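Read through the structure below, which is laid out as structure tokens, and then see the notes.
Chains as they are written, first to last, in this note's numbering: chain A, 25 to 383; chain E, 25 to 383.
Now the structure itself:
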């Protein structure tokens, strides 16, 4: 079968975008064509263009007007996402957009609705669920080895200095949940399904930061399952598992435990096996970041495949609204000291669910 | 210094009371005198009396009228505690009473108030915090090695068949939190101090039981610390740590992790050490129950020491009301889907705090 070529323009060439650029280049064998890059910083745009041998732009409108693209991969800060998405939608170009989708729920919904109305394919680059270890966990659940999963812990606890490469973290109004909590909340959905309600306690343990650096969340899933979802940048653990997500899932027939070092221990009907489920190193990835880098690659590979087959991504804009709603609900739960029902976007009406503010 | 002899009468000679009887016997060297035993079941009373070589009774009033006792150790089901405590209070005899103190908050308060009014020494046999591993953890906290503790997980997750020796568990109206959750909640207080509010999700994962067999609790402590407190009888883990409590505590300078097998890993200012903190085996204890049995011994030793010195026990009736209030608050939080402020007993007025039902 002939490989369908998909021409991608990458918008945003900063720290994290390097992983996307490498991913698209490596995916050339599968039909991805890195067609052009763009960054408002001319130095970053030129550096990426020269490194990857493609035209570079400092203006996204010019990129879209000049290049013949099948899709754009938007890897900029979230406050630029809505405007950039609208540009791409106007051109009918498929969109992959970095998480979080937008700075607030209304902008998220506006992006998803605009894309839906225009029939434009939209995916959110939510990469944790594409990490090789997390796919392994999901495959074990799907195999039925642990029976029905009814309790889980999904945890990202590190003391790694995340402020070094992202000094703007000090001033964020929403920190741990918006940055990494969104990933672990998405994993909770991935493993246990949709969420009925969420409770949350946030902490600011590092006095130098403005917002919360620690969040401890208690989720009730619609299935009846319960999960604890945690994130902190203030753990003092040894080994520090950064940037690994650790997982414990209990079912009626067994359990799955993922320990630091990506060792998965599966107990199924009384028999226990252990397996190394670590992310493989790629030519452009390096330890310990490779866990996250390889997740970005696997996400891009999924998006490419979906675009080629003309099907929605697993983390489509519509799907990702459910994860985003959990972020908003977590902050509200922490502020109001009660369990919050996450907002729902009603696709058929294009309107917010009344449940959003209901209790 | 001469050892002060303390004459103890044990009321209740069932499954768990055997540990108390052995404990008092072993504590003879420290001044404990097991003076007599009592059980409404003549067979159990006689068996205990013969085994430990002491007079046996089937009526607590007769025991108290006949024997010259300094204290009673009440190891019966909680619905008998209030009446038995009132008998002892009338005689001015010190009281140790098995947890939970009583079936409901009002009875708990009534017992504590009656003892306080009569000037009778009252302690609750809350033994988890006296287990050797938990004392080790507390000593590390007190040493300052991890700085200020600001986050913790206290967890009791087992698949051990607790229904085998306690078949009445199937029909309890309150199960996991009332039986073992109360212990882990007490540990959360022991490690991180008093609780500001508590959220909770309960589950009935075993369809054969009437009440909850799993509870996942999220606590905000007055210090600002947050803890996750968990208990379940439906875990499917290997190794199954029964009856060990596992602990993770993070402070600003380090962390304490207690893994299955009572291995404590302490990280302090970047340096990590590991230590076996397991409970020692006694002549009458056996693996794996020795963790709980030795905890009962250590609790009795503490009560004996306090009685000899004429000071309140660490788990006095007054103190234990704070743990009991957490149990009630957890059930209410689960039912109402919100964080609950635990009830407070106001010692100076003898009245319930208005906060009890406030939000």
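Ideal placement from N, C-alpha and C gives every residue a C-beta, glycine not left out. For clarity, every value in this text was computed on a predicted model and none was experimentally measured.
Inset, instruction - Could you name the residues of the same chain whose beta carbon sits closer than 6 Å to that of residue 4 of chain E, not counting the 5 residues immediately before and after it, in chain order? - result: Residue numbering for chain E in the displayed model covers 25 to 383; residue 4 of chain E lies beyond these limits and cannot be assessed.
Legend entry - Short CB-CB distance (under 8 Å) between residue 270 of chain E and chain A: Chain A contact via Cβ: absent.
Inset, instruction - Determine the DSSP secondary structure at residue 325 of chain A, reduced to helix, strand or coil. - result: Residue 325 of chain A falls in the helix class under three-state DSSP.
Legend entry - Proximity test, Cβ basis, 8 Å: residue 279 of chain E and chain A: yes
Inset, instruction - Can you have a look at residue 194 of chain A and say buried or exposed, based on whether 16 or more other CB atoms are within 10 angstroms of its CB? - result: exposed
Inset, instruction - Kindly indicate the opening and closing residues of the alpha helix (DSSP H) around residue 139 of chain A. - result: Under the DSSP assignment, residue 139 of chain A falls in the alpha helix (DSSP H) whose first and last residues are 129-142.
Legend entry - Rounded separation between residue 64 of chain E and residue 149 of chain E - CA only: 21 Å
Inset, instruction - Can you tell me which of the three DSSP states residue 83 of chain A falls into? - result: coil
Inset, instruction - Tell me, please, which residues DSSP counts as bridged to residue 359 of chain A. - result: Residue 359 of chain A pairs with nothing; no bridge assigned.
Inset, instruction - Report yes if the CB atom of residue 171 of chain E is closer than 8 Å to the CB atom of residue 275 of chain E, and no otherwise. - result: Yes, the pair counts as a contact, with Cβ atoms nearer than the cut-off.
Inset, instruction - Compare the beta carbon distance of residue 146 of chain E and residue 133 of chain E with 8 Å and say whether it is the shorter of the two. - result: no
Inset, instruction - Say whether the stretch 80-93 of chain E touches the stretch 52-60 of chain E, bearing in mind that this needs 3 or more beta-carbon pairs closer than 8 Å, one atom from each stretch. - result: yes
Inset, instruction - Name, please, each residue of chain E whose Cβ falls closer than 7 Å to the Cβ of residue 225 of chain A. - result: 242, 244 and 250
Inset, instruction - Please determine if the stretch 219-231 of chain A and the stretch 353-361 of chain A are in contact, where contact requires at least 3 C-beta pairs separated by less than 8 Å. - result: yes
Inset, instruction - Flag this pair as touching only if the stretch 114-134 of chain E and the stretch 92-104 of chain E have three or more C-beta atom pairs under 8 Å; answer yes or no. - result: yes
Legend entry - Per-residue DSSP class, three states only, for residue 225 of chain E: strand
Legend entry - Nearest-angstrom beta carbon gap, residue 173 of chain A and residue 273 of chain A [assumed within contact, 8 Å]: Going by Cβ atoms, the distance from residue 273 of chain A to residue 173 of chain A rounds to 5 Å, so yes, they are a contact pair.
Inset, instruction - Using a cut-off of 8 Å between C-beta atoms, extract the partners of residue 156 of chain A located in chain E. - result: Near residue 156 of chain A there are no residues of chain E at all, since even the closest Cβ is about 24 Å away, more than 8 Å.
Legend entry - Between the CA atoms of residue 343 of chain E and residue 361 of chain E - distance to the nearest angstrom: 27 Å
Inset, instruction - Identify which residue in E/45, E/30, E/37 and E/27 has its Cα closest to the Cα of residue 317 of chain E. - result: A check of alpha carbon separations from residue 317 of chain E across E/45, E/30, E/37 and E/27 identifies E/45 as the nearest.
Legend entry - CB-CB length for residue 178 of chain A against residue 269 of chain A, believed under 8 Å: Sure, about 6 Å apart at Cβ, within 8 Å.
Inset, instruction - Jot down the residue ranges of each uninterrupted alpha helix (DSSP H) in the stretch 59-109 of chain A, minimum 4 residues, whole runs only, in chain order. - result: 66-76 and 84-90
Legend entry - Cβ contact check for the stretch 37-56 of chain A and the stretch 305-323 of chain A: 3 or more pairs under 8 Å: Touching, per the Cβ criterion.
Inset, instruction - Would you mind sorting residue 347 of chain A into buried or exposed? The rule is 16 or more other CB atoms within 10 Å of its CB. - result: buried
Legend entry - Proximity of residue 217 of chain E and residue 251 of chain E at Cβ, strictly below 8 Å: no
Inset, instruction - For residue 90 of chain A, collect the residues of the same chain with a Cβ closer than 6 Å to its Cβ; drop the 5 residues on either side in sequence, then sort them by chain order. - result: none
Inset, instruction - Kindly indicate which three-state DSSP category residue 162 of chain E falls into: helix, strand or coil? - result: helix
Inset, instruction - Starting from the beta carbon of residue 363 of chain A, find every residue of chain E whose beta carbon is closer than 8 Å, and list them in chain order. - result: 223, 361 and 362
Inset, instruction - Say whether the stretch 275-284 of chain E touches the stretch 202-211 of chain E, bearing in mind that this needs 3 or more beta-carbon pairs closer than 8 Å, one atom from each stretch. - result: no
Inset, instruction - Please list the partners that residue 259 of chain E has in chain A, where partner means a Cβ-to-Cβ separation under 9 Å. - result: 175, 274 and 279
Inset, instruction - Please confirm if residue 182 of chain E has its CB atom under 8 Å from at least one CB of chain A. - result: Taking Cβ atoms only, chain A never reaches closer than 8 Å to residue 182 of chain E, which makes this a no.
Inset, instruction - Measure the CB-CB distance between residue 290 of chain E and residue 164 of chain E and report whether it falls below 8 Å. - result: Taking a C-beta distance under 8 Å as the contact criterion, residue 290 of chain E and residue 164 of chain E qualify as a contact pair.
Inset, instruction - Give a yes or no on whether 8 Å exceeds the smallest Cβ distance from residue 229 of chain A to chain E. - result: yes
Inset, instruction - Taking residue 242 of chain A as the reference, give the member of A/51, A/100, A/209 and A/189 with the closest Cα. - result: Out of A/51, A/100, A/209 and A/189, A/209 has the C-alpha closest to the C-alpha of residue 242 of chain A.
Legend entry - Boundaries of the beta strand (DSSP E) in which residue 266 of chain A is found, first to last residue: It is not in any beta strand (DSSP E) - residue 266 of chain A carries neither H nor E in the DSSP assignment.
Inset, instruction - Count the other CB atoms, across all protein chains shown, that sit within 10 Å of the CB of residue 107 of chain A; report buried if there are 16 or more and exposed otherwise. - result: It counts as exposed.
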